[in-house]
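Visitor: In our numbering, the protein residues as written are 23 to 180.
Following this message is one structure expressed as structure tokens.
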Amino acid sequence: DITFDNFSATYNIYKIFCHWHNGTSNTEARFRLRNSSGDITSSIYRTAVSRVLLSSGSSSINGSASEYDTDKIRLGNAGSTFDDHRQAAEITVFQPNEPDSCMVHFKNSFWSSDNNEFVRWEGAAWCNTQEAHTGIKFYQSSGTINDYYYVIYGLKDS
Numbered sequence: 023d024i025t026f027d028n029f030s031a032t033y034n035i036y037k038i039f040c041h042w043h044n045g046t047s048n049t050e051a052r053f054r055l056r057n058s059s060g061d062i063t064s065s066i067y068r069t070a071v072s073r074v075l076l077s078s079g080s081s082s083i084n085g086s087a088s089e090y091d092t093d094k095i096r097l098g099n100a101g102s103t104f105d106d107h108r109q110a111a112e113i114t115v116f117q118p119n120e121p122d123s124c125m126v127h128f129k130n131s132f133w134s135s136d137n138n139e140f141v142r143w144e145g146a147a148w149c150n151t152q153e154a155h156t157g158i159k160f161y162q163s164s165g166t167i168n169d170y171y172y173v174i175y176g177l178k179d180s
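This is the structure in structure tokens:
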């Protein structure tokens, strides 16, 4: 798991870039927002996702998905553990200190060993809570996150 607990009132937007290997094949990359008590694990996340697939030399838009009142935000499905099959994500957290206004946009690309296809997963989410968000936690549905790199930038109004 990767946990960052330093969202502050100084910054209105956070940009997160990350790159990693799955420790176990066919597991989902996920994240949760955090508050002063820790991970927000209640079923209060609402997410809309679209994905594009590349498999066997052809590409297709494989539709969209939505999740209402779940306990996490999914960054994809069924990532691979092969050395050349890393996941790469970009996440933007808007106004984490304003609970009613906090919105998250995310993009992830990965090789799905489950379906033997390259996937582009993109979406937006909202966490229906009245508490300020103090951080974010990345984790896998099972197994570990291996060989990871990430950087977080805080942006503020001028």
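A virtual CB, placed ideally from N, CA and C, is assigned to each residue, including glycine.
Predicted model only: the values in this text are computed from it and were never measured.
#1: Give the secondary structure of GLN109 by DSSP, where H, G and I count as helix, E and B as strand, and everything else as coil.
#2: Assuming PHE53 and THR156 make a contact with CB atoms under 8 Å, what is their CB distance in whole Å?
#3: State yes or no: is the C-beta of ASN34 within less than 8 Å of the C-beta of GLN152?
#4: Can you give the beta carbon distance from ALA87 to VAL74, rounded, assuming they're within the 8 Å contact cut?
#5: Output the boundary residues of the beta strand (DSSP E) element that contains ALA147.
#6: If you check the beta carbons only, do HIS41 and TYR175 fall under 8 Å apart?
#7: Which residue comes first and which comes last in the beta strand (DSSP E) that contains HIS43?
#8: Can you say whether THR49 is buried or exposed, counting buried as having 16 or more other CB atoms within 10 angstroms of its CB?
#9: Would you check if the distance between the CB atom of ILE24 and the CB atom of LYS159 is smaller than 8 Å?
Guide: With the given structure in hand:
#1: strand
#2: Actually they do not touch by this definition, with Cβ atoms about 14 Å apart.
#3: no
#4: Not confirmed; about 13 Å, so no contact.
#5: 139 to 149
#6: no
#7: 35 to 44
#8: buried
#9: yes
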